Amino acid sequence: MFERLGEIYTNKEVYLTDLDHDEVPALFWWFPNQEDFNPPPPLDETSIEKMERISSTVKVSRNEITEIMYSDIIPEEKIIRALEIKQEAGTLLKLLKECEADPDSKKGDTAALLSKCKTGLTEYETNLKTMDPLKFANDVKIESEFKNGLNVQLIPWMDNAEKITTTSLEKPTTFEHAQAVEKSCVLFAKDVRKANKVIAKIEEISKSLVNNKTTAEQQIEEQRVRFKKIASIAASRVESMRDLLIRWQEMTTSSEKDGMDFQPLTMFLKCYAVYFQ
67 MFERLGEIYT
77 NKEVYLTDLD
87 HDEVPALFWW
97 FPNQEDFNPP
107 PPLDETSIEK
117 MERISSTVKV
127 SRNEITEIMY
137 SDIIPEEKII
147 RALEIKQEAG
157 TLLKLLKECE
167 ADPDSKKGDT
177 AALLSKCKTG
187 LTEYETNLKT
197 MDPLKFANDV
207 KIESEFKNGL
217 NVQLIPWMDN
227 AEKITTTSLE
237 KPTTFEHAQA
247 VEKSCVLFAK
257 DVRKANKVIA
267 KIEEISKSLV
277 NNKTTAEQQI
287 EEQRVRFKKI
297 ASIAASRVES
307 MRDLLIRWQE
317 MTTSSEKDGM
327 DFQPLTMFLK
337 CYAVYFQ
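Yeah, the sequence shown ends on 343 if you go by the working numbering, and it's all consecutive.
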């Protein structure tokens, strides 16, 4: 509906009257395109005309069902068109009953036409059952979950994680400060593991997409490349900080026991210089 209103605005489909536009709501300014109308059938339509209308409608709708089922149109459009066709099928069944109730439809060539029309409509109903709007609705749900997972959850996290990994760690000035830095590295590494699960979930959802599977795979692969760099830095930082804490503790213990052995001090200074160069 909103897309149609957008077209109305873009195409300037304004119904010109003597009324000033300020006197009526904006929605009443437009006049629909003539091709959007299907003229109603005549009131004196005969049974033969009704059967011809049933046959022609079934033929057109069969082609539309094929397009709905096997083309790349978006799931939202599939839902709308499928529901319209199912609604129209009810009208065709009503027409067929009207034809069957007409005594003239059981005579001569008209009876053969009625039998043919009835058989065609039965086959058409079978085709209709293969077109499930609930399945299309599930396709919409899957596509929404994929886009939400990729664009709302994963990519913003990646953007923030890259900022974290490209920012140097604080240089600890005390052992307690080093512990705090190590704790922040561990927390970030946990977030990285959660992000990996999000990627796996998004990848699983992408397998059920109806349209644009190749594009989805490419998008996921782009994020995997980014993720690998982030995960590598996160793991390296945790390992480095834990190693530094061990060296720091050994240096402190050495100082308390024997007035500072040079080997623990040397190892600590080397580690500190490498990790915070």
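Glycine included, C-beta positions come from ideal geometry on N, C-alpha and C. Note that the coordinates shown come from a computational prediction; the quantities given were computed from them, not determined experimentally.
Beta-carbon proximity check, residue i vs residue j, cutoff 9 Å
i	j	result
V247	M307	yes
S113	D168	yes
Y190	A148	no
I296	I268	no
T123	L158	yes
V276	P141	yes
L310	P238	yes
T318	F212	no
V206	I151	no
Y341	L235	yes
DSSP state of residue i mapped onto helix, strand, coil
i	result
Q329	helix
F293	helix
E133	helix
F342	coil
L200	helix
T319	helix
T240	coil
I271	helix
K173	coil
T233	coil
V276	coil
I265	helix
E111	coil
I146	helix
For residue j and residue i, believed in contact at Cβ under 8 Å, the rounded distance
i	j	result
L194	L162	With a Cβ gap of about 14 Å, L194 and L162 do not count as contacting.
I349	I230	Residue numbering for the chain in the displayed model covers 67 to 343; residue 349 lies beyond these limits and cannot be assessed.
(message) Three Cβ pairs or more, each shorter than 8 Å: is that satisfied between the stretch 114-130 and the stretch 257-269?
(response) Contact between the stretch 114-130 and the stretch 257-269 is absent: fewer than three C-beta pairs spanning the two stretches fall below 8 Å.
(request) Spell out a yes or no on whether the stretch 295-307 and the stretch 241-256 are touching, meaning 3 or more CB-CB pairs, one atom from each, closer than 8 Å. (result) A contact between stretches requires three or more CB pairs, one per stretch, nearer than 8 Å, and the stretch 295-307 meets this requirement with the stretch 241-256.
(message) Assess contact between the stretch 117-127 and the stretch 170-186, defined as three or more Cβ pairs (one per stretch) separated by less than 8 Å. Is contact present?
(response) At 8 Å Cβ cutoff, the stretches touch.
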